[in-house]
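This report refers to the structure that appears directly beneath it.
Residue numbers (our numbering), protein chains in the order written: chain D, 17 to 381; chain U, 17 to 381.
Structure follows, in structure tokens:
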């Protein structure tokens with residue numbers, strides 16, 4: 017039984033669970049977004065739309081990217097999708113065909129591997145370690161590239177480690193990718209939770225790229241399911257065709273809400289600052305647990321500690337932590353071969369994070 | 017350029033288009049649905065949910081199907097999806113693997129063929145004709161089944177013909193399907209617009225089936241993107257995995273709205289009666305055009321007339337009708353090999369339908 021299934025079961029039984037497993041922030045969405053959705057609903061914006069997204073949202077996204085990243089996209093390079101997850105799936109489906117392969121840097125969000133395998137590709141993983149500060153080695157990446165490798169998925173700030181690679185390392189990786197004609201799929205969904213300079217694929221350096229992102233984290237809109245992709249026109253056209261084939265469009269009134277999100281700078285800043293504070297608090301609590309080592313996150317909304325004890329098994333630990341202490345974390349096996357690690361999400365309020373990590377400390381003295 | 021692209025272009029240029037092409041009704045969604053979505057939005061129902069759908073919606077859907085079709089589904093047999101389109105895609109992906117084939121009855125909604133081909137299957141089409149009242153022959157279906165044929169897609173009431181097959185013919189088709197171990201994918205998205213007894217796969221008779229449907233037509237909720245599948249537990253599990261892989265869940269607050277839709281009987285009835293009236297009106301207008309023959313729809317929201325003139329080319333006609341007369345229809349080639357047919361949608365108000373068909377009559381005397 018997965019952690020999530022078990023958690024839901026326990027909660028249905030009325031048990032309290034200290035949730036450090038969820039991959040979403042508990043912040044509310046911007047009031048202006050809720051209001052805009054409601055207005056659009058009342059105004060019967062309840063019809064099919066262009067699969068790429070309504071022109072008003074595409075234009076707002078173009079302007080947003082230009083002001084944020086100085087990237088001057090053409091509307092034909094943008095696609096609004098049902099969540100960042102679909103953007104990643106469509107990016108992978110666009111870049112990788114059956115029998116080809118794509119690289120992922122582990123530990124990694126499990127969807128990358130699942131989606132690569134779903135399109136009939138092989139996921140080649142490059143391992144990183146806490147010892148190396150979760151930084152991938154361009155040499156190791158180059159060594160593992162095969163003749164059928166078509167793409168590499170990057171994700172900075174990283175889920176689950178919180179790592180942001182230095183811009184110079186990012187560029188080195190892009191050079192390797194260019195050398196081998198790989199499409200760089202850069203999942204920048206956590207970019208607004210960055211507390212160190214975070215390189216973006218939109219700054220240039222990749223010959224071929226697909227950026228995937230979402231409204232979920234920046235504006236706490238997970239349950240709206242709106243994401244997007246930025247790429248060359250041809251790839252964008254393929255992503256539009258996938259969206260059209262599978263679901264037609266994002267709900268029309270939600271697209272009107274999404275326009276307002278792009279203007280909600282205040283909420284984005286507030287969410288970022290809250291996450292910064294949570295990372296600091298989690299650090300303070302983890303520092304008191306001698307049995308754990310961890311990399312202090314540069315960004316994102318997770319910490320991925322590793323037990324010093326060589327024989328530690330995070331899967332057994334997570335199960336026992338949930339059953340005996342009512343604290344849910346995701347064992348490292350979910351993100352690659354990391355049996356001594358587990359992921360703590362900072363999506364819950366500070367006091368919940370503190371309570372949860374203290375219970376972890378009681379179990380790992 | 018597709019009809020839709022051309023229409024959008026003309027409308028952007030400020031030209032008026034009499035839209036008889038759109039596959040969605042212009043009715044408003046139930047007020048209770050809008051209200052429930054808004055309440056849920058305000059109540060921060062803005063998070064990820066179970067990929068199958070929130071338990072409250074799954075339960076409401078179970079009760080709805082039981083009261084409507086006397087089909088007593090287990091919750092494990094139900095999956096809420098982002099629109100009926102995704103339900104159909106997931107049903108096809110579940111029933112048909114690469115190198116296998118599935119049957120479609122033409123004229124048919126183009127998505128069936130596209131989705132079968134997308135999963136690497138081959139679409140085997142069985143032709144029906146206006147002469148035969150668009151009724152498929154079980155013998156012809158049986159003849160065309162191959163050893164690798166795994167499924168047959170049925171769609172009654174039919175898009176584009178409005179045909180509803182007699183329950184006895186439906187049963188005969190199911191018997192052929194059972195004989196050859198085919199999964200019956202029954203797309204019943206137009207079932208609330210039925211003006212003749214409409215057989216449902218839920219009434220029994222198929223050894224293996226996946227019903228797909230949606231909230232889009234019954235409650236005029238196209239732009240909410242909520243659909244569902246009803247099937248055996250194993251297929252449902254596969255569909256849940258696809259949803260989980262591609263988009264996580266339907267937006268949470270929309271799911272609360274969907275619960276209210278299932279209770280909105282009055283609006284469903286009103287929409288049905290309006291569509292019945294539009295079909296009658298379209299019939300009266302078409303009866304005045306000697307150059308056209310048509311089957312008077314038993315259901316759905318379309319008429320699919322055929323020109324008597326042997327050399328008639330509906331694609332050229334549709335283009336000229338749009339450019340010269342500002343009326344948009346979809347040529348028959350979009351639904352199979354029907355060069356003399358075109359689809360008239362009844363999604364627009366009565367007066368628009370009348371105006372559009374009169375303009376067609378001026379062109380086809």
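Don't be surprised by glycine CBs; every beta carbon is placed ideally from N, CA and C.
For residue i, which of the options has the nearest alpha-carbon?
i                      : options                    : result
residue 205 of chain U : U:37, U:23, U:41, U:273    : U:41
residue 172 of chain U : U:138, U:368, U:120        : U:120
residue 97 of chain U  : U:264, U:117, U:298        : U:264
residue 144 of chain U : U:177, U:234, U:248        : U:177
residue 106 of chain U : U:288, U:280, U:167        : U:167
residue 174 of chain D : D:312, D:377, D:372, D:368 : D:312
residue 154 of chain U : U:179, U:195, U:132        : U:195
residue 44 of chain D  : U:111, U:60, U:49          : U:60
residue 102 of chain D : U:380, U:258, U:284        : U:258
residue 28 of chain D  : U:22, U:51, U:71, U:32     : U:71
residue 147 of chain U : U:349, U:309, U:373, U:336 : U:309
For residue i and residue j, what's the separation of their Cα atoms in angstroms?
i                      : j                      : result
residue 149 of chain U : residue 278 of chain U : 33 Å
residue 161 of chain U : residue 152 of chain U : 14 Å
residue 58 of chain D  : residue 320 of chain D : 44 Å
residue 169 of chain D : residue 230 of chain U : 35 Å
residue 342 of chain U : residue 201 of chain D : 43 Å
residue 104 of chain U : residue 368 of chain U : 31 Å
residue 271 of chain U : residue 139 of chain U : 33 Å
residue 210 of chain U : residue 181 of chain U : 11 Å
residue 67 of chain D  : residue 118 of chain D : 27 Å
residue 158 of chain U : residue 34 of chain D  : 58 Å
residue 365 of chain D : residue 135 of chain D : 38 Å
residue 304 of chain D : residue 36 of chain D  : 18 Å
residue 55 of chain D  : residue 269 of chain U : 15 Å
residue 314 of chain U : residue 179 of chain U : 5 Å
residue 338 of chain U : residue 124 of chain U : 23 Å
residue 298 of chain D : residue 248 of chain U : 45 Å
residue 199 of chain U : residue 113 of chain U : 12 Å
residue 236 of chain U : residue 21 of chain U  : 23 Å
With a Cβ-Cβ cutoff of 7 Å, do residue i and residue j count as a contact?
i                      : j                      : result
residue 356 of chain U : residue 334 of chain U : no
residue 212 of chain U : residue 226 of chain U : no
residue 317 of chain D : residue 363 of chain D : yes
residue 100 of chain U : residue 62 of chain D  : no
residue 19 of chain D  : residue 346 of chain D : yes
residue 255 of chain U : residue 73 of chain U  : no
residue 358 of chain D : residue 330 of chain D : yes
residue 234 of chain D : residue 203 of chain D : no
residue 85 of chain D  : residue 216 of chain D : yes
residue 142 of chain U : residue 156 of chain U : yes
residue 46 of chain D  : residue 280 of chain D : yes
residue 53 of chain D  : residue 307 of chain D : no
residue 301 of chain U : residue 370 of chain U : yes
residue 190 of chain D : residue 221 of chain D : yes
residue 446 of chain U : residue 137 of chain U : The requested residue 446 of chain U is not part of the displayed model; chain U covers only 17 to 381.
residue 361 of chain D : residue 49 of chain D  : no
If you follow the alpha helix (DSSP H) that residue i is part of, which residue opens it and which one closes it?
i                      : result
residue 288 of chain U : 281-303
residue 27 of chain U  : 19-28
residue 244 of chain U : Taken as a continuous stretch (DSSP letters only), residue 244 of chain U belongs to no alpha helix (DSSP H), being part of the beta strand (DSSP E) at 243-247.
residue 134 of chain D : 126-134
residue 359 of chain U : No alpha helix (DSSP H) holds residue 359 of chain U; the beta strand (DSSP E) holding it covers 358-361.
Taking residue i as the query, report the chain D residues whose CB atoms sit under 7 Å from its CB, ordered along the chain.
i                      : result
residue 206 of chain U : Chain D residues near residue 206 of chain U: none, gap ~16 Å exceeds 7 Å.
residue 270 of chain U : 267
residue 131 of chain U : 261
residue 50 of chain U  : 57, 58
residue 54 of chain U  : 54, 57
Under 7 Å Cβ-Cβ, which residues of chain U neighbour residue i?
i                      : result
residue 263 of chain D : 98, 99, 101, 102, 241
residue 237 of chain D : 62
Kindly list, in the order they appear in chain D, the residues whose Cβ is closer than 9 Å to that of residue i.
i                      : result
residue 45 of chain U  : 57, 60, 62
residue 231 of chain U : Residues of chain D passing the Cβ test: none, with the nearest at roughly 11 Å.
residue 105 of chain U : 261, 262, 263
residue 40 of chain U  : 63, 64
residue 134 of chain U : 258, 261, 262
At what residues does the beta strand (DSSP E) containing residue i begin and finish?
i                      : result
residue 341 of chain D : Careful: residue 341 of chain D lies outside any beta strand (DSSP E), inside the alpha helix (DSSP H) at 330-341.
residue 225 of chain D : 225-230
residue 122 of chain U : 117-122
residue 143 of chain U : 138-143
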